[in-house]
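Under UniProt numbering, the first residue of the sequence shown carries the number 1, and numbering increases by one thereafter.
To start, the structure itself, in structure tokens.
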Amino acid sequence: MKHWQIDQMDWAAFDATKVNPDILALVKAASVVERNARDYTCYLQNVFHDDSGFRDAAQNWAEEEVQHGDALGKWAMLADPGWDYAAAFERYREAYKIDTDVSSSIRGSRTGELIARCMVETGTSSFYTALADATEEPVLKAVCKQIAADEYRHFKLFYDNMHRYLGREKLGRWFRLRIALSRVMESEDDELATAFYITNSEQFQSYDHKSCIAAYMARALSFYQQRHLDRVTAMILKTSGLTPHSRMQQWLAKGMHGLIAWKQKSFARQLQQA
């Protein structure tokens, strides 16, 4: 069951004077990505074709993800009444597709697939927490907090199933860490760049991956604070079988904070040059 419903949010509290245009651009992009979860569910259903328990859990996960998209889309249309969430999603579906006709994971094993899903939930839970902390608009703050809580529960779902498969597939800690970090690096692929382009197309003449991902990342990375990255790195290490709260985690979190600050400035420079 869903842990909350869109209609339970206090939409009447929306305050247009507190809408940050950079956050609005990110929310528009996030709404179509979240709503596209049913495609990923089809992929997962094929990878875990003989695991009915996980297949049922994945179906429930997808419905919660779709609700995230619908809630974000509704807020974005309040913030920008001229924007059409449903039409943007249809354009996104046409522009970005994943291969769902598979019989095994692209990560090489079911454990690897679940590690990758853990990383996605790590990224989204931290992203929505960062947005909730950054926005002054009360409805978006409440929505982002609800979504962040869902994404953390989703992390636990994939983490628990990862351990179930780990007992059979025996992936070592450093191999798991490599899978985790490789999935984190995929945040700069076409999924987010295409979503940002489709939902904020007035900013672009045509789709160009480099400029679209720069436009997305320059905004998104600017909202991360050290405390958000402390949690991210703890979740990465936990998924990899390493100690989540340790000197290594502290070092990794500080290093990630420095890297993100550098990348944000680099993406911002790319936008200025463009």
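Every residue, glycine too, gets a C-beta built ideally from N, C-alpha and C.
- Taking Q273 as part of the alpha helix (DSSP H), name the residues at either end of that continuous run. On the sequence shown, residue 273 is found 273 positions in, with the first residue counted as 1. Unbroken alpha helix (DSSP H) run through Q273: 247-273.
- Message: Ignoring anything shorter than 4 residues, give me the alpha helix (DSSP H) runs that lie fully in the segment 94-135, in order along the chain.
- Response: 110-134
- Message: Give me, in chain order, the residues of the same chain whose beta-carbon lies closer than 7 Å to that of V32; leave out the 5 immediate sequence neighbours on both sides.
- Response: Locating residue 32 in the sequence shown gives position 32, counting from the first residue. So the qualifying residues of the chain are G69, A88, F89, Y92, A195, I198, T199.
- Counted within 10 angstroms of its Cβ, other Cβ atoms place D230 as buried (16 or more) or exposed: Position 230 of the sequence shown, counted from the start, is the residue given in the question as residue 230. Under this definition D230 is a buried residue.
- Residues near A57 in its chain [Cβ-Cβ closer than 7 Å; skip 5 each side]: Here residue 57 refers to the residue found at position 57 of the sequence shown. Hits under 7 Å: L157.
- With 16 other Cβ atoms within 10 Å as the buried cut-off, status of E169: In the sequence shown, the residue the question calls residue 169 occupies position 169. Its Cβ having fewer than 16 others within 10 Å, E169 is exposed.
- Quick one: using the 10 Å Cβ neighbour count with 16 as the cut-off for buried, is S240 buried or exposed? Translated into positions along the sequence shown, residue 240 becomes position 240. It is buried - the Cβ of S240 has at least 16 other Cβ atoms within 10 Å.
- Task: Reducing DSSP to helix, strand and coil, say where S201 ends up.
- Result: On the sequence shown, residue 201 is found 201 positions in, with the first residue counted as 1. Reduced to three states, the DSSP call for S201 is helix.
- What's the call for I106, buried or exposed, on a 16-neighbour Cβ count within 10 Å? Taking the sequence shown and counting its residues from 1, the one referred to as residue 106 is at position 106. When all chains shown are included, I106 counts as exposed.
- Ends of the alpha helix (DSSP H) at M217? Taking the sequence shown and counting its residues from 1, the one referred to as residue 217 is at position 217. M217: member of the alpha helix (DSSP H) spanning 209-220, first to last residue.
- Task: Please state whether DSSP places H3 in a helix, a strand or coil.
- Result: Translated into positions along the sequence shown, residue 3 becomes position 3. Coil at H3, not helix or strand.
- Write down the C-beta distance between A134 and I23 rounded to the nearest angstrom, noting that I regard them as a contact closer than 8 Å. Numbered from its first residue, the sequence shown carries residue 134 at position 134. Numbered from its first residue, the sequence shown carries residue 23 at position 23. Indeed, because the Cβ distance is near 7 Å, the residues count as touching under 8 Å.
- Message: I need the boundaries of the alpha helix (DSSP H) containing residue 275, first residue and last residue.
- Response: Since the displayed the chain opens at 1 and closes at 274, residue 275 lies outside it and no answer follows.
- Query: What do you reckon, are the CB atoms on L192 and I213 nearer than 8 Å?
  - Reply: In the sequence shown, counting from the first residue as 1, residue 192 sits at position 192. In the sequence shown, counting from the first residue as 1, residue 213 sits at position 213. Yes, the Cβ-Cβ distance between L192 and I213 is below 8 Å.
- Item | Other residues of its chain near E136: CB distance less than 7 Å, five sequence neighbours each side excluded | Here residue 136 refers to the residue found at position 136 of the sequence shown. The answer, listed in chain order, is K18.
- Selection from V232, K28, A274, R183 that minimises the alpha carbon distance to H257: Numbered from its first residue, the sequence shown carries residue 257 at position 257. Checking every option, the nearest Cα to that of H257 belongs to V232.
- alpha helix (DSSP H) containing V232: first to last residue? As a working note, residue 232 is residue 232 in the sequence shown. Note, V232: alpha helix (DSSP H), 226-240.
- Query: With 16 other CB atoms within 10 Å as the buried threshold, where does E63 fall?
  - Reply: Taking the first residue of the sequence shown as position 1, residue 63 is located at position 63. Burial call: exposed.
- Alpha carbon to alpha carbon, how far is L252 from R173? For the purposes of this step, residue 252 is taken as residue 252 along the sequence shown, with counting starting at 1. For the purposes of this step, residue 173 is taken as residue 173 along the sequence shown, with counting starting at 1. Cα to Cα, L252 sits roughly 16 Å from R173.
- So what's V27 in DSSP terms, helix, strand or just coil? Position 27 of the sequence shown holds residue 27. Correct three-state label for V27: helix.
- Hey, out of A132, N46, Q270, whose CA is closest to L26's CA? Within the sequence shown, numbered from 1, the residue matching residue 26 stands at position 26. Minimum Cα distance to L26 is reached at A132.
- Item | Secondary structure of H49, DSSP reduced to three states | Numbered from its first residue, the sequence shown carries residue 49 at position 49. Residue state, collapsed to three classes: coil.
- Task: Decide if L171 is buried, meaning its Cβ has at least 16 other Cβ atoms within 10 Å, or exposed.
- Result: Counted from its first residue, the sequence shown places residue 171 at position 171. Label assigned to L171: buried.
- Would you report the Cα separation of D51 and I6, rounded to the nearest angstrom? The count along the sequence shown starts at 1 and reaches residue 51 at position 51. The count along the sequence shown starts at 1 and reaches residue 6 at position 6. Roughly 31 Å between the two C-alpha positions.
- From what residue to what residue does the alpha helix (DSSP H) around N161 run? The residue labelled residue 161 in the question sits at position 161 within the sequence shown. It spans 138-169 - the alpha helix (DSSP H) in which N161 sits, taken as one unbroken run.
- Could you give the C-beta distance for A180 and M248, rounded to a whole number, given that I count them as a contact under 8 Å? What you label residue 180 is simply residue 180 of the sequence shown in a count that begins at 1. What you label residue 248 is simply residue 248 of the sequence shown in a count that begins at 1. That belief does not hold up - the Cβ atoms of A180 and M248 are roughly 14 Å apart, past 8 Å.
- DSSP state of W11, grouped into three classes? Walking along the sequence shown from the start, residue 11 turns up at place 11. Of the three classes helix, strand and coil, the one that applies to W11 here is helix, per DSSP.
- Message: Mapping the DSSP letters down to three states, classify W83 as helix, strand or coil.
- Response: Taking the first residue of the sequence shown as 1, we reach residue 83 at position 83. DSSP places W83 outside both helix and strand once states are collapsed to three, so it counts as coil.
- Where residue 296 and S187 are concerned, what is the direct C-alpha to C-alpha distance, given to the nearest angstrom? No answer is possible for residue 296: the residues shown for the chain start at 1 and end at 274.
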